[in-house]
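Chains as they are written, first to last, in our numbering: chain A, 3 to 474; chain B, 415 to 625. Ideal Cβ positions, reconstructed from N, Cα and C, are used throughout, including at glycine. Heads up, the thing below is written out as structure tokens.
Okay, here's the thing in structure tokens:
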């Protein structure tokens with residue numbers, strides 16, 4: 003099953019490159035999304051592996067499911083978004099090809115069972131997604147693409163330094179397969195583990211968008227077309243997070259979890275603070291969403307650093323963030339297409355002009371900011387509960403304070419945009435169905451998860467969090 | 415002999431920090447590639463044949479010939495003015511690079527206690543190459559020098575991976591090579607695009623995106 007999803011782009015790319023038809027591009031993207039969902043379903047049921055290097059386990063299947071859901075929505079939305087943009091057929095075909103490879107390389111990251119192979123796929127995601135950011139060929143998107151490739155490549159190089167340092171310490175194991183590392187965790191020299199973990203954390207943290215190495219993220223998310231922003235925020239950051247988790251597990255098994263937790267905690271809190279400051283300052287709604295992604299990655303790291311039930315909460319938060327942010331970015335794309343500006347000040351009265359997108363805008367805001375019945379409420383509640391149980395009152399205090407600031411900052415902007423009198427020159431028109439159905443799907447799914455967590459999901463998350471501490 | 419080559423590699427790092435011309439930068443990259451190639455050749459009996467061929471291709475083909483060639487072409491095509499234009503004085507630059515080296519050597523001899531199998535000179539020089547690369551990126555204005563800094567970092571990482579005896583599976587090695595190569599290629603492509611769009615390749619001009 004795994005070869006199908008990894009090799010589909012290789013087979014499809016020459017085909018669409020030579021035909022160069024917008025319809026075909028669209029169809030291929032949707033076929034790949036459907037294929038991805040089907041294969042993920044089968045892998046969930048039966049598990050699977052392709053060579054010893056790629057394999058499913060309870061941890062990565064969660065991430066694979068989120069990715070395929072998000073990709074499915076984005077694939078349907080994609081065509082409608084580009085109807086408003088004047089992009090040549092050649093550029094659009096290249097865009098589709100890079101999009102396919104980008105998704106495949108993310109699947110590769112998730113399925114890797116070997117630390118260095120995972121590195122290869124993570125670097126590949128950078129290379130394939132950089133052209134996606136530059137698809138609109140503007141000066142600012144060029145600048146964003148440059149920063150993205152450069153900062154992420156440096157970060158990833160540092161992660162590779164970390165991997166080499168780690169392999170010095172694993173002389174007794176002489177293998178970088180996760181399962182070998184885990185079963186021999188106790189024999190790895192702690193000095194090298196401690197030496198390598200900051201490198202790997204900084205490197206993968208760059209991709210995940212943790213402060214202080216988040217500099218590329220707001221630029222890339224705001225300049226890329228909305229379907230790409232949704233994929234970057236909803237799936238790419240998760241993939242990098244899975245990488246950190248795999249190494250974090252090694253640290254836990256080696257008995258160095260206090261050290262690893264402290265570093266994660268520092269980066270998590272810093273991300274929260276940085277995003278709070280910039281959410282208040284920015285006047286660009288796509289940048290605002292990007293900073294919100296940094297915030298949520300901060301919450302997720304905070305959850306992992308806290309441990310206990312917060313592991314479960316972190317996974318739940320990953321899911322709810324992906325669904326909410328996917329919906330948020332796609333709706334932001336609709337607003338951009340309608341108002342032709344990214345400035346918060348200039349957008350007024352979305353509800354008057356376009357009821358559906360107005361409500362989606364508010365709904366996505368509710369979903370991202372942890373208002374019941376959305377699942378981010380549960381996850382954030384569980385994380386704070388665990389913080390209180392561990393008597394971490396100061397951290398919980400900072401978390402609350404920063405969270406309130408962010409809620410205020412985002413709420414102010416979102417409400418400003420949604421309500422108020424609209425510009426009378428803008429015509430009312432109902433949007434094309436495919437520009438809002440994916441978001442409705444994402445938000446409904448989030449509500450279902452929030453109101454009653456289905457047993458399947460519950461078990462999945464429990465297995466995943468159990469796997470974090472088990473030697474498997 | 416290997417020690418000698420590694421020390422020569424270290425000298426190129428010092429030279430990078432004081433030179434002011436882009437052509438010299440690229441020549442130094444060529445020299446670094448050559449030194450790494452020689453190190454690999456002399457050490458080769460340890461490796462099996464497939465990995466050996468792979469390393470030859472990577473060091474001689476990519477690091478020594480193709481990458482400097484791509485950069486030379488890019489520089490000629492864009493007609494970049496020659497000066498590197500650092501933010502700080504050359505002397506201070508040299509001072510910092512020397513400091514980086516001293517720290518790396520101290521670190522290397524400290525870590526020797528925990529892993530007797532590493533070669534301390536290799537280890538120290540490669541760590542200082544990674545850090546010097548980072549320093550070059552931070553202290554220079556022109557984008558092309560940033561790419562050079564990045565390649566110096568990658569050379570350092572390659573040398574570091576040679577300083578440990580363990581081998582990666584071939585799949586992984588190939589993947590790493592391909593990634594780095596495409597990465598550098600892509601960076602040069604974007605550089606050209608930036609040059610034609612902004613008419614300028616200073617990072618000072620890349621400040622459109624802020625809050």
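- Restricting attention to A/257, A/289, A/274, the CA atom closest to the CA of residue 220 of chain A is found in A/289.
- Your pair residue 300 of chain A and residue 277 of chain A checks out as a contact, with CB atoms roughly 7 Å apart and the cut at 8 Å.
- Closer than 7 Å at the C-beta level to chain B, one finds these residues of the stretch 129-143 of chain A: 129, 132, 141, 142.
- As a beta-bridge residue in DSSP terms, residue 179 of chain A pairs with A/116.
- A distance below 6 Å between beta-carbons, with the five flanking residues on each side excluded, links residue 63 of chain A to the following residues of its chain, in chain order: 46.
- The way I'd put it, the stretch 113-126 of chain A does touch the stretch 45-59 of chain A; three or more beta-carbon pairs between them come closer than 8 Å.
- DSSP places residue 138 of chain A within a helical segment (H, G or I) once states are collapsed to three.
- Short of 6 Å from the beta carbon of residue 216 of chain A, and not among the five residues preceding or following it, lie these beta carbons of its own chain, in chain order: 296.
- Closer than 9 Å at the C-beta level to chain A, one finds these residues of the stretch 600-613 of chain B: 600, 601, 604, 605, 607, 608, 611, 612.
- In the DSSP assignment, residue 576 of chain B falls within the unbroken alpha helix (DSSP H) covering 557-576.
- Where residue 290 of chain A is concerned, the enclosing alpha helix (DSSP H) starts and stops at 287-308.
- Residue environment for residue 348 of chain A: exposed (fewer than 16 other C-beta atoms within 10 angstroms of its C-beta).
- Rounded to whole angstroms, the Cβ separation of residue 77 of chain A and residue 35 of chain A is 4 Å, and the two are in contact under 8 Å.
- By the neighbour-count criterion, in which 16 or more other beta carbons inside 10 Å mark a residue as buried, residue 426 of chain A falls on the exposed side.
- Relative to the Cα of residue 560 of chain B, the nearest Cα in the group B/546, B/572, B/573, B/493 belongs to B/546.
- By the CB criterion at 8 Å, residue 553 of chain B and residue 610 of chain B fall outside the cutoff.
- Inter-segment contact for the stretch 450-465 of chain A and the stretch 512-519 of chain B is absent: fewer than three beta-carbon pairs are separated by less than 8 Å.
- With a contact defined as Cβ atoms closer than 8 Å, residue 472 of chain B and residue 591 of chain B qualify at about 5 Å.
- In the three-state DSSP reduction, residue 583 of chain B falls in the coil class, being neither helix nor strand.
- In the assembly as shown, residue 214 of chain A is an exposed residue. Its beta-carbon has fewer than 16 other beta-carbons within 10 Å.
- At a cut-off of 8 Å between C-beta atoms, residue 364 of chain A does not count as an interface residue with respect to chain B.
- Of the other Cβ atoms in all chains shown, 16 or more fall within 10 Å of the Cβ of residue 238 of chain A; this residue is therefore buried.
- Distances from the CA of residue 135 of chain A to each of A/20, A/229, A/403 were compared; the closest alpha carbon is that of A/229.
- The C-alpha of residue 449 of chain B is placed about 8 Å away from the C-alpha of residue 422 of chain B.
- Interface annotation, residue 528 of chain B: in contact with chain A, CB-CB separation under 8 Å.
- The contact set of residue 568 of chain B on chain A, defined by CB atoms closer than 8 Å, consists of 159 in chain order.
- Judged by DSSP secondary structure, residue 443 of chain B falls within the alpha helix (DSSP H) whose first and last residues are 436-457.
- If you draw a 10 Å sphere on the C-beta of residue 284 of chain A, you find 16 or more other C-beta atoms in it, and that means buried.
- Under the DSSP assignment, residue 55 of chain A falls outside any alpha helix (DSSP H); it carries neither an H nor an E label.
- Short of 7 Å from the beta carbon of residue 539 of chain B, and not among the five residues preceding or following it, lie these beta carbons of its own chain, in chain order: 420, 423, 424, 573.
- With contacts defined by Cβ atoms closer than 8 Å, residue 18 of chain A and residue 95 of chain A form a contacting pair.
- The stretch 136-149 of chain A makes no contact with the stretch 190-210 of chain A; the number of CB pairs closer than 8 Å stays below 3.
- Counting every other CB atom within 10 Å of its CB across the protein chains shown gives residue 501 of chain B a total below 16, marking it as exposed.
- Residue 613 of chain B counts as exposed, since fewer than 16 other C-beta atoms from the protein chains shown sit within 10 angstroms of its C-beta.
- Contact between residue 363 of chain A and residue 343 of chain A does not hold, since their C-beta atoms are separated by about 15 Å, which reaches or exceeds 8 Å.
- Residue 544 of chain B belongs to the set of residues whose beta carbon lies under 8 Å from a beta carbon in chain A.
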